[in-house]
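Below you'll find the structure, written out as structure tokens, and then a few comments.
Residue numbers (the working numbering), protein chains in the order written: chain X, 2 to 396; chain A, 2 to 396.
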């Protein structure tokens with residue numbers, strides 16, 4: 002259970018783990034590569050389950066769809082939040098039951114909905130009349146949840162604008178959906194890498210107000226989808242997972258108490274991605290060049306063999322700031338601009354973020370980019386500038 | 002030769018071309034997909050050759066490394082600017098001679114330089130002492146050119162900060178390089194999709210000043226690399242290619258005249274990427290959803306089956322604004338936000354750019370995104386959100 006005195010997320014985790022170190026020592030894989038420790042994924046799954054006992058966990062497959070991770074989570078009893086037919090197939094290949102899969106993308110082709118329904122998927126997201134029409138036509142008898150707009154404050158990778166509709170529109174759509182024979186619910190997303198556990202409170206109050214309107218019309222809500230947002234440990238300290246569990250439980254009790262204690266208690270769903278796999282991974286990268294632009298330049302430019310287009314896309318606008326270890330840590334350091342290996346000026350990882358790295362850093366040194374298990378491999382391009390996609394290994 | 006009355010780039014080109022239309026009609030390829038008309042690539046190669054008769058053309062492979070494009074350009078007599086070992090191998094597979102390949106990335110692993118040199122590549126870029134050390138060690142007897150910093154004004158995809166060093170540092174490095182037995186030169190890049198033909202003038206003046214310093218020390222410069230920057234036709238009109246040729250020829254004559262007319266005339270190099278292949282391609286994409294966020298919303302959200310992570314990465318910060326055709330063009334239109342199909346809020350193509358699309362637009366409609374032959378396929382992710390990489394066809 003949640004422990005208020007627990008340390009922040011990732012604080013007690015020493016990366017790379019021994020298992021990752023051993024794998025690299027034994028196999029010497031060429032850089033750049035990501036190595037994911039499955040034991041950390043299992044620990045995180047357990048910690049989140051313990052912190053949010055009332056919620057079913059639907060892993061956000063997009064965070065890292067490695068077959069080994071999906072198979073582990075199937076074994077642990079996880080459900081799955083998918084964004085596409087490709088992710089449905091990956092889950093089924095890993096042994097997931099179709100009934101444990103939620104098609105959480107609000108933007109789906111009609112034929113993809115039909116395919117998912119045929120495969121046995123019965124849970125779908127939407128946020129518009131047109132998408133509901135598609136679900137009515139292609140996914141009869143499903144559980145459909147409408148995503149509402151949220152502010153996304155306090156999140157390092159906000160998700161506020163593209164998805165969701167106004168709650169009043171959502172109520173109308175859910176009423177229609179219920180009349181068409183669907184079980185209905187609501188979802189929201191507080192933004193990825195959400196640093197403030199209390200950010201679930203506002204949306205839950207909105208959902209409660211929506212549910213009261215629906216109940217007045219005789220519609221019994223079946224699902225409350227809390228979305229994701231649970232963090233990994235990057236440069237900035239984030240609260241421990243128990244704090245998220247406690248804040249969410251309190252908000253659920255405050256806003257949805259009577260409903261949650263009643264006979265028609267809706268299913269509570271959480272969709273962690275980053276939290277489960279982010280801290281489980283370490284990306285190993287070789288320094289290619291350390292240079293200065295002029296003799297007067299104080300800052301060095303450090304170019305790695307991994308960049309924005311080979312896995313580190315979340316450094317866009319320097320949103321996600323990874324911790325970086327080098328073989329020279331502890332020695333004198335100085336300010337750097339950190340960049341990737343391509344001939345693209347956009348491929349700069351950190352400029353404003355004021356990273357400092359050892360003065361002794363040289364080409365050939367291998368740096369460890371910590372907590373890179375989420376949103377890296379799949380963001381990798383097929384071969385921009387002729388560099389191959391990021392390789393990954395699960396240990 | 003350059004014709005001052007010629008229309009702007011792309012003005013007389015009607016996309017999709019008949020060949021592209023015929024291919025799509027005959028094959029009905031699933032969306033999203035890119036179709037590239039090789040005849041346009043050949044026309045562009047000829048037009049640039051005619052406009053810049055003095056320059057050798059080194060195709061920037063990163064713009065589109067499709068084997069069909071590389072083979073065509075080998076046939077036409079093009080040379081190649083590459084960013085990696087992967088691109089060297091692609092050129093060699095397409096039949097290019099190693100002597101026609103320039104390794105233009107200033108960030109290279111030592112072992113990759115050694116490999117390139119072993120393959121017969123003899124032209125290399127650098128912009129720092131450390132990189133020159135690698136070239137001295139692994140690529141003896143080469144032509145090495147030092148890239149200088151430029152302002153990159155007037156470019157839609159600027160390249161100013163990551164590459165290049167101060168000209169005074171460049172002179173020192175080139176003097177060292179010459180002493181180590183290399184032939185030496187200078188390069189710069191005015192920024193990709195450069196709208197102003199006069200932007201080559203400033204850097205050419207800098208190069209001329211550098212060359213005078215080198216000549217005083219007895220070093221004869223062997224290469225002037227003009228970089229790329231030649232545009233495709235996106236939403237904004239750009240000058241015709243002859244205007245670029247004329248402006249560059251005038252600047253070369255003004256700043257480097259005596260040298261260019263002397264016995265040791267350096268090789269003039271241009272590295273077009275976007276100009277050769279951009280306007281040759283059309284991306285076909287299906288509308289997945291058209292929605293509003295509330296009943297009061299004036300702007301519709303139009304979601305396509307292609308986005309930032311499946312080829313349209315250059316819409317980042319709405320830098321490159323593609324022209325879009327729909328089956329309903331000519332009918333009443335209204336403002337839209339245009340977005341991709343993934344569960345990522347970053348995957349919004351145009352929001353501030355104020356795109357208008359027909360009110361009649363519906364899911365299932367296929368839209369044509371014009372001039373997408375450059376910097377699309379290779380920017381595509383390996384499978385973000387489970388969506389496959391962008392397919393492409395050359396006709």
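Each residue gets a CB set at the ideal place from its N, CA and C atoms; glycine is no exception.
It should be emphasised that the depicted structure is a prediction, and the values quoted were computed from it without experimental measurement.
- Taking a beta-carbon distance threshold of 7 angstroms, residue 373 of chain X does not count as an interface residue toward chain A.
- Runs of the alpha helix (DSSP H) spanning 4 or more residues and lying entirely within the segment 214-292 of chain A occur at 242-262, 275-278, in chain order.
- Under the criterion of beta carbons closer than 8 angstroms, residue 184 of chain X and residue 130 of chain X do not qualify as touching, at roughly 19 angstroms.
- Within the segment 228-261 of chain X, no residue has its Cβ closer than 7 angstroms to any Cβ of chain A.
- Looking at the backbone, the Cα of residue 218 of chain X and that of residue 169 of chain X are separated by about 14 angstroms.
- Using a CB distance cut-off of 7 angstroms, residue 226 of chain A does not count as an interface residue toward chain X.
- Taking every protein chain shown into account, the CB of residue 12 of chain A has fewer than 16 other CB atoms within 10 angstroms, so this residue is exposed.
- In the DSSP annotation of this structure, the continuous segment of the beta strand (DSSP E) that includes residue 146 of chain X starts and ends at 144-148.
- Relative to the Cα of residue 372 of chain A, the nearest Cα in the group A/381, A/299, A/283, A/311 belongs to A/283.
- For residue 352 of chain A, the enclosing beta strand (DSSP E) starts and ends at 349-359.
- Shown here, residue 344 of chain X sits in coil according to DSSP, grouped into three states, outside any helix or strand.
- Residue X/343 holds the alpha-carbon nearest to the alpha-carbon of residue 385 of chain X among X/289, X/147, X/343, X/396.
- Taking 7 angstroms as the CB threshold, residue 163 of chain A lines the interface with chain X.
- Judged by beta-carbon spacing, residue 340 of chain X lies beyond the 7 angstroms limit of residue 135 of chain A, meaning their Cβ atoms are not closer than that value.
- The three-state secondary structure of residue 108 of chain X, taken from DSSP, is coil.
- Boundaries of the alpha helix (DSSP H) around residue 72 of chain A: 68-77.
- DSSP places residue 162 of chain X in the coil class of the three-state scheme, outside both helix and strand.
- Residue 98 of chain X carries a coil assignment under DSSP once its states are collapsed to helix, strand and coil.
- Around the beta carbon of residue 390 of chain A, 16 or more other beta carbons sit within 10 angstroms, so the residue counts as buried.
- In the assembly as shown, residue 353 of chain A is an exposed residue. Its beta-carbon has fewer than 16 other beta-carbons within 10 Å.
- Here the alpha carbon of residue 325 of chain X sits roughly 5 angstroms from the alpha carbon of residue 370 of chain X.
- Residue 112 of chain A sits exposed, since fewer than 16 C-beta atoms from the chains shown fall within 10 Å of its C-beta.
- A contact between stretches requires three or more CB pairs, one per stretch, nearer than 8 angstroms, and the segment 109-129 of chain A meets this requirement with the segment 289-297 of chain X.
- In terms of CA proximity to residue 350 of chain A, A/338 leads the group A/83, A/360, A/338, A/361.
- Put simply, the backbone Cα of residue 278 of chain X is about 43 angstroms away from that of residue 328 of chain A.
- Among the residues facing chain A, residue 87 of chain X is included, as its CB has a counterpart in that chain under 7 angstroms away.
- Minimum Cα-Cα distance from residue 121 of chain A among the listed residues A/107, A/33, A/89 corresponds to A/89.
- Contact between residue 286 of chain A and residue 225 of chain A does not hold, since their C-beta atoms are separated by about 41 angstroms, which reaches or exceeds 8 angstroms.
- Residue environment: residue 275 of chain X is assigned as buried (16 or more neighbouring CB atoms within 10 Å of its CB, all protein chains considered).
- Judged by beta-carbon spacing, residue 383 of chain X lies within the 7 angstroms limit of residue 383 of chain A, meaning their Cβ atoms are closer than that value.
- Under DSSP, residue 309 of chain A shares a beta bridge with no residue.
- Chain-order list of chain X residues neighbouring residue 289 of chain A: 108, 109, 110, by C-beta distance under 8 angstroms.
- In the structure shown, residue 202 of chain X falls within a helical segment according to DSSP collapsed to helix, strand and coil.
- Look at residue 387 of chain X: its C-beta is under 7 angstroms from a C-beta on chain A.
- Around the beta-carbon of residue 377 of chain X, 16 or more other beta-carbon atoms lie within 10 Å, marking it buried.
- For residue 103 of chain A, the CB contacts under 6 angstroms within the same chain, skipping 5 residues up- and downstream, are 59, 82, 124 in chain order.
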